[in-house]
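The structure appears right after this line, and notes come after that.
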Amino acid sequence: MRPGLTVKLSVLLACIGILASGVTGYYAYSTNQSLLVNEAERNLLTSTELLSQRLSTVLNDIAADALTLADMPSSAKVAGLDDLPGDDAAKERLAQVFGTVMRLHPQYAQVRLISRQQFGLEQIRFDRDGDRLVRVTGSQLQEKGHFPYVFETLALAPGRVYVSPITVNHEQGAHSAEGAPTLRLATPVVTPAGSVVGVVVINVRLKSLLDAVQSDLPAGHQLYLTNEWGDFLAHPNPAMTFGFDKGRRLLVQDSYEQTRPLFDKTRTSVLVNGLDDPQRAKGQILAFVRTPFGLPENHQFVVLGLARPLEDVLRGGKSLGESTIQMVLAFSLLSIVLAVVFSRALTRPLQMLTHAATSFQTRHALEALPVTRTDEIGVLARCFDQMRKELKSHMEKMSQNQQELRHLAHHDSLTGLPNRMQFFHQIERAIEAVAESGLQLAVLFIDLDHFKQINDQMGHAVGDQVLIVVAQRLRSALRGEDVVARLGGDEFIVLIKGPGIVTEVPVIAAKILSALNEDIMTHGRRLQVCASIGISLFPDDGVTAEELVLRADSAMYKAKVNGRYTFARYQAAE
Ligand SMILES: Nc1nc2c(ncn2[C@@H]2O[C@H](COP(=O)(O)OP(=O)(O)OP(=O)(O)O)[C@@H](O)[C@H]2O)c(=O)[nH]1
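Going by this note's numbering, the sequence shown wraps up at 595, each residue one higher than the last.
Pasting the structure below:
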């Protein structure tokens with residue numbers, strides 16, 4: 022069965038409702054996700070900027086330690102000794118101070134006093150070897166004048182601090198710092214006369230530096246650090262760091278294209294998130310901040326970055342997602358219910374119209390219509406109601422006309438008796454019926470006598486009235502099953518059926534003559550009519566309707582000749 026209008030409309034409205042609530046839910050959910058990510062990006066950027074400030078503070082603290090050591094009067098004395106070992110007592114006291122600094126700052130890997138003379142020979146040196154503090158003395162002290170952190174620092178004005186690039190420490194004999202990523206801070210040692218006689222150098226392992234910087238970073242955050250060219254110095258995957266030290270470049274710009282503006286100095290911070298850029302930052306949000314590093318005139322910088330899993334950020338939105346799904350499901354269900362209710366309400370009057378139209382078409386029944394409605398359906402119902410009433414009235418009139426036409430086709434309009442055609446039809450049927458039974462039929466041909474005179478003397482209207490009365494009297498004089506018809510003019514014909522007709526016919530003919538001869542009162546006049554009757558019998562006088570009528574007619578002429586107002590039987594010899 023094909024779905025009806027109600028089902029189609031219900032499905033359409035339900036689909037629209039479900040789609041609308043689904044789209045709304047999706048946009049609410051995705052907007053919430055974007056808001057969460059934007060908020061998390063802002064927070065992450067703030068954390069990264071704080072981290073950047075923390076790095077500067079830590080570096081300043083180390084620089085302050087270096088300056089304190091360099092400012093000690095004995096530092097200039099020890100560094101400036103031409104003939105080493107020189108004043109051993111002063112040197113030992115200074116060494117104790119250097120050792121104390123190392124003990125107080127576990128993050129320092131090495132603290133040294135390096136002399137300008139003798140190719141930058143180390144004068145005092147403390148190394149950290151695991152948890153152990155090692156003082157390097159005698160022949161193990163090395164010449165360091167060829168290292169940039171020495172000769173560049175010697176060129177600095179008093180009070181300035183050199184910050185080296187962060188590199189892997191390849192200096193031999195540096196104990197546990199050897200081979201580890203290291204940063205060196207150095208400051209010149211100046212005599213009271215103002216001449217630079219050496220440098221104080223503090224080595225810090227990058228790991229210690231970063232541990233100090235990110236000590237109170239929330240769990241789940243990952244740290245990135247690059248130098249000013251973008252080489253990774255810190256990365257969640259250690260294999261990605263110090264690529265340049267292993268002969269290959271592993272750059273942050275290649276991992277996160279969006280960081281390029283940090284290196285061409287068009288921006289100081291960038292944000293990347295895996296929601297907008299799942300290709301580059303899958304499952305993460307990242308913030309990168311350019312951080313000044315080292316002497317201001319060198320315009321050096323490092324880039325600090327923090328990453329946070331996107332899943333952490335969106336966890337808060339999960340419950341909203343579940344609520345959204347529940348809401349979408351609830352609204353979808355509501356849409357279906359409303360769609361069905363609305364469709365049924367909308368199509369019920371249409372169904373009434375359809376039912377009424379079908380009932381009218383099949384049974385001409387006038388079923389109820391929603392004519393009281395004030396909307397378009399009401400107008401349609403009223404129009405249809407009016408149309409079907411008019412149509413019904415026309416159809417009834419037509420059917421009445423048809424019945425009249427059918428009656429007229431078979432009856433005489435003046436007397437209401439069957440006409441010639443109908444009589445022939447009846448006589449043929451009667452012949453068929455009696456043919457096998459052996460019974461007889463009688464045909465009586467009746468013609469009024471001198472009827473022309475009545476017309477001529479009293480007018481055609483009186484003639485008509487006489488014909489009507491004759492028809493009534495004939496009908497009254499005969500039985501119900503006998504057929505009485507008017508052939509035309511003043512000619513009538515009668516068909517009589519039944520057993521013993523031969524003996525009954527003369528009696529019937531006489532009865533007819535007598536009935537017709539009674540006075541007729543019409544138009545204020547009294548008058549009388551007579552008739553002549555010719556009789557033929559089936560099957561003796563004819564076996565067809567034509568033969569029987571013709572022969573009864575012929576017998577009627579015989580009655581006329583015999584003086585009228587009588588009847589005569591057909592005789593073949595005539
Ligand atoms: N008033 C009236 N006259 C009719 C009608 N049909 C025929 N007539 C008249 O009936 C008359 C019939 O006349 P006829 O049968 O020929 O002659 P008659 O005067 O009856 O003479 P006979 O039959 O010889 O006795 C004619 O004058 C017709 O015009 C009719 O429907 N109404």
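Glycine included, every Cβ here is placed at the ideal spot set by N, Cα and C. If you're wondering where the values come from, they're calculated on a predicted model, not measured in any experiment.
Flag this pair as yes or no: are the beta carbons of residue i and residue j separated by less than 8 angstroms?
{"i": "residue 467", "j": "residue 515", "result": "yes"}
{"i": "residue 387", "j": "residue 409", "result": "yes"}
{"i": "residue 349", "j": "residue 325", "result": "no"}
{"i": "residue 49", "j": "residue 356", "result": "no"}
{"i": "residue 377", "j": "residue 359", "result": "no"}
{"i": "residue 506", "j": "residue 560", "result": "no"}
{"i": "residue 69", "j": "residue 233", "result": "no"}
{"i": "residue 280", "j": "residue 273", "result": "yes"}
{"i": "residue 553", "j": "residue 464", "result": "no"}
{"i": "residue 565", "j": "residue 483", "result": "no"}
{"i": "residue 576", "j": "residue 591", "result": "yes"}
{"i": "residue 470", "j": "residue 547", "result": "no"}
{"i": "residue 242", "j": "residue 328", "result": "yes"}
{"i": "residue 100", "j": "residue 133", "result": "no"}
{"i": "residue 401", "j": "residue 374", "result": "yes"}
{"i": "residue 495", "j": "residue 541", "result": "no"}
{"i": "residue 222", "j": "residue 315", "result": "no"}
{"i": "residue 58", "j": "residue 306", "result": "yes"}
{"i": "residue 155", "j": "residue 191", "result": "no"}
{"i": "residue 447", "j": "residue 504", "result": "yes"}
May I ask you to check if the CB of residue i is nearer than 7 angstroms to at least one heavy atom of ligand 1?
{"i": "residue 440", "result": "no"}
{"i": "residue 422", "result": "no"}
{"i": "residue 601", "result": "The first residue shown for the chain is 22 and the last is 595, placing residue 601 beyond what the model contains."}
{"i": "residue 574", "result": "no"}
{"i": "residue 473", "result": "yes"}
{"i": "residue 14", "result": "Residue 14 lies beyond the range of the chain shown here (22 to 595); nothing can be said about it."}
{"i": "residue 432", "result": "no"}
{"i": "residue 437", "result": "no"}
{"i": "residue 469", "result": "yes"}
{"i": "residue 534", "result": "no"}
{"i": "residue 481", "result": "yes"}
{"i": "residue 484", "result": "yes"}
{"i": "residue 15", "result": "Limits of the chain in this structure are 22 at one end and 595 at the other, which puts residue 15 out of reach."}
{"i": "residue 410", "result": "no"}
{"i": "residue 418", "result": "no"}
{"i": "residue 511", "result": "yes"}
{"i": "residue 579", "result": "no"}
For the alpha helix (DSSP H) that contains residue i, what are its first and last residues?
{"i": "residue 144", "result": "Per DSSP, residue 144 belongs to no alpha helix (DSSP H); it is in the beta strand (DSSP E), 143-150."}
{"i": "residue 380", "result": "331-384"}
{"i": "residue 263", "result": "Looking at the DSSP string, residue 263 is not in any alpha helix (DSSP H), and its letter there is neither H nor E."}
{"i": "residue 69", "result": "26-92"}
{"i": "residue 580", "result": "566-582"}
{"i": "residue 414", "result": "397-431"}
{"i": "residue 113", "result": "109-125"}
{"i": "residue 529", "result": "522-538"}
{"i": "residue 174", "result": "169-175"}
{"i": "residue 16", "result": "No answer is possible for residue 16: it lies beyond the span of the chain, which begins at 22 and ends at 595."}
Mind checking which residues open and close the beta strand (DSSP E) that includes residue i?
{"i": "residue 542", "result": "541-543"}
{"i": "residue 558", "result": "552-559"}
{"i": "residue 290", "result": "290-294"}
{"i": "residue 155", "result": "153-157"}
{"i": "residue 313", "result": "305-313"}
Give me whichever residues DSSP pairs with residue i in a beta bridge.
{"i": "residue 217", "result": "211"}
{"i": "residue 164", "result": "142"}
{"i": "residue 247", "result": "253, 324"}
{"i": "residue 546", "result": "543"}
{"i": "residue 589", "result": "555"}
{"i": "residue 462", "result": "518, 559"}
{"i": "residue 136", "result": "219"}
{"i": "residue 505", "result": "515"}
{"i": "residue 128", "result": "None; residue 128 has no bridge partner."}
{"i": "residue 202", "result": "189"}
{"i": "residue 226", "result": "203"}
{"i": "residue 184", "result": "206"}
Are the C-beta of residue i and some C-beta of chain B separated by less than 8 angstroms?
{"i": "residue 276", "result": "Absence of chain B from the displayed structure is noted, only one protein chain being present."}
Practice task
Decide yes or no for the touch test of the region 108-125 against the region 161-170: beta carbon pairs closer than 8 angstroms, at least 3 of them.
Solution key: The region 108-125 vs the region 161-170: no contact.
Exercise for the section: Flag this pair as touching only if the region 318-337 and the region 363-371 have three or more C-beta atom pairs under 8 angstroms; answer yes or no. Expected result: No: fewer than three Cβ pairs fall under 8 angstroms.
Exercise for the section: Kindly confirm or deny that the region 224-233 and the region 190-205 touch, where touching means at least three C-beta pairs closer than 8 angstroms. Expected result: Result yes; three or more Cβ-Cβ pairs closer than 8 angstroms.
Practice task
Evaluate the contact criterion for the region 76-94 versus the region 211-224: three or more CB pairs, one atom per stretch, below 8 angstroms.
Solution key: Look at the beta carbons and you see the region 76-94 touching the region 211-224: at least three pairs across the two are nearer than 8 angstroms.
Practice task
Decide if the region 288-306 is in contact with the region 59-73; the criterion is three or more beta carbon pairs, one per stretch, under 8 angstroms apart.
Solution key: Touching, yes, given that three or more Cβ pairs across the two stretches are closer than 8 angstroms.
Problem - At least 3 beta-carbon pairs within less than 8 angstroms: the region 143-157 vs the region 121-130 - result: With the rule of 3 Cβ pairs closer than 8 angstroms, the region 143-157 counts as touching the region 121-130.
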